[in-house]
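In my numbering, the protein residues as written are 358 to 713. First comes the structure, then the notes that go with it.
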């Protein structure tokens, strides 16, 4: 009998085995450039997502490809040019910065990749890189503080669509939401206190991205709890996944952290599209009401975003400022997003290492 036959199989010792965890951080996405063709391509991919515009496919295709994308792309491209920095889209710039900082903090036992739900770098390209690393598990962190089907839910669906044919599937975990993470709250509170130290504001506006009301009612599994009223006054097991209720809870946590008195703040919703009802109150309708009450200065937050983008810098920072001043206001100040701040990177690190 040969010595090869008698040889015992090699045993991998624990100290020889290096466990690696993949971390996929995901934000919404951005056009590759502010050119009209690139903006049109982005809008088509974004709005054709059935979780974003949840109407039958043919209706959605006709609406987006014959009306929205052709007519909205030139206008949106003009606004994106205002937002664009010499080195590119702020959303992408901050995304890569967070990726690098998070990788440094987590160390060699982790592999961090950035993916965008729409356009580039794509979730597909990020997962392809992670697949080559022989990972034990993957943690997916959608950069959306509050869960919504159109944002976090869409990321879940896309990730699972892409990995369903992998022969070897590592354990995959998702961060569902982080609106109550202490460092997320403190990050925005620190920014708010900075401006509060500079000016005595009459009012505080917390403006969140809106979604159609029908998406809220579809998510109410009880079929009776959601009333778009007092049901959002607290977050419990019945409405824990309701986007609107989560936004109101975010406001309550931020108000408490900054010691803002009751009656001096408003929660509202922006960026509505189309004629169907979206969750209320609408930010652009709230602003004239505030000035009619004699409010002349306001500090505005956008806590549904963690990186500055068109909806924060342009919509809240410039368009709502113009509306506020047009109606008699004198001082409108946008609180920037967490972007690539140390406290935000620390928050993501904590979510990865201590998943709920």
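All C-beta atoms, glycine included, are put in the ideal place defined by N, C-alpha and C. Quick caveat, the model's predicted, so the values are computed rather than measured.
- Under the Cβ criterion (8 Å, minimum of three pairs), the stretch 594 to 602 counts as touching the stretch 569 to 586.
- In the three-state reduction of the DSSP assignment, residue 446 falls in the coil class.
- Look at the stretch 587 to 656 and you find these whole runs of beta strand (DSSP E), each 3 residues long or longer: 622 to 627.
- Cβ-Cβ separation between residue 653 and residue 557: approximately 11 Å, too far for a contact (criterion under 8 Å).
- Take the alpha-carbon of residue 425 and the one of residue 375: they are about 50 Å apart.
- When Cβ pairs closer than 8 Å are counted between the two stretches, the stretch 697 to 712 is seen to touch the stretch 489 to 502, the count reaching three or more.
- Membership of residue 470 in the beta strand (DSSP E) is indicated by the continuous run 467 to 475.
- In this structure the stretch 632 to 643 lies against the stretch 567 to 574, because at least three pairs of beta carbons, one per stretch, are closer than 8 Å.
- The beta carbons of residue 701 and residue 673 sit about 19 Å from each other, so the pair does not count as a contact at 8 Å.
- If you draw a straight line from the Cα of residue 548 to the Cα of residue 695, it is about 8 Å long.
- Under DSSP, residue 564 forms a beta bridge with 625.
- The C-alpha of residue 465 is placed about 47 Å away from the C-alpha of residue 641.
- Counting C-beta pairs with one atom in each stretch, the stretch 432 to 441 and the stretch 390 to 406 have three or more that are closer than 8 Å, which means they touch.
- Residue 479 is not a Cβ neighbour of residue 387, given a cutoff of 9 Å.
- If you compare the alpha carbons of 528, 511, 658, 621 with that of residue 651, the shortest gap goes to 621.
- Leaving aside the five residues that flank residue 658 on each side, the residues in its chain whose CB is nearer than 6 Å to its CB run, in chain order, 563, 692.
- If you check the CB distance, residue 385 and residue 473 come in under 9 Å.
- Within its own chain, the residues whose Cβ lies closer than 7 Å to the Cβ of residue 687, once the five positions on either side in sequence are excluded, are 653, 654, listed in chain order.
- Collapsing the DSSP output to three states places residue 509 in a helix.
- With 16 or more other Cβ atoms inside 10 Å of its own Cβ, residue 510 counts as buried.
- The shortest CA-to-CA distance from residue 486 to any of 669, 587, 467 is the one to 467.
- For residue 671, the CB contacts under 7 Å within the same chain, skipping 5 residues up- and downstream, are 436, 439, 440 in chain order.
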